[in-house]
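Step one of this worksheet: look at the structure below.
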């Protein structure tokens, strides 16, 4: 009941900076993979989705929530869920970071050709930052390593 009450509050009430900081701290904890934080991942994803649905959330807070959700999905091995999320967010934001996350999710699911295609699309985007270009190079290297490695599931960079 408390989990649902918190989700309702995140969805409906104004979100002060302290709430966003708390969600970020929980997200950081969930991404560490520490046992105490790992149990929190499903609840945290529900809370992040609720906060994202809040019409009062400012653009900076919305971007923070979007990134946190995708990163927690990555750490929690929720690749299909994370892939759907970053694709949806990209359609609304147009930011390269979400396409980079999409490529990572695709790679982690073994869809190497699709991941490489997304990276090629990202490389053609205008106004890429040096960090974006570094991420493209890292992901391209990871895809190449997976292509040359023996078959079998492996977790990539995350």
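Numbering (my numbering), first residue to last: 58 to 215.
Beta carbons: idealized from backbone N, C-alpha and C, even for Gly.
As the structure is a prediction and not an experimental result, all values here were calculated from the model.
Leaving aside the five residues that flank residue 156 on each side, the residues in its chain whose CB is nearer than 7 Å to its CB run, in chain order, 147, 175, 178, 179. With 16 or more neighbouring CB atoms inside 10 Å of its own CB, residue 109 falls in the buried class. DSSP, reduced to helix, strand and coil, places residue 70 outside both helices and strands of the structure shown, so it counts as coil. Counting other Cβ atoms within 10 Å of its Cβ, residue 161 reaches 16 or more and is therefore classed as buried.
The C-alpha of residue 100 is placed about 11 Å away from the C-alpha of residue 59. 9 Å or more divides the Cβ of residue 117 from the Cβ of residue 127.
In this structure, residue 88 sits near residue 131, with a CB-CB distance shorter than 9 Å.
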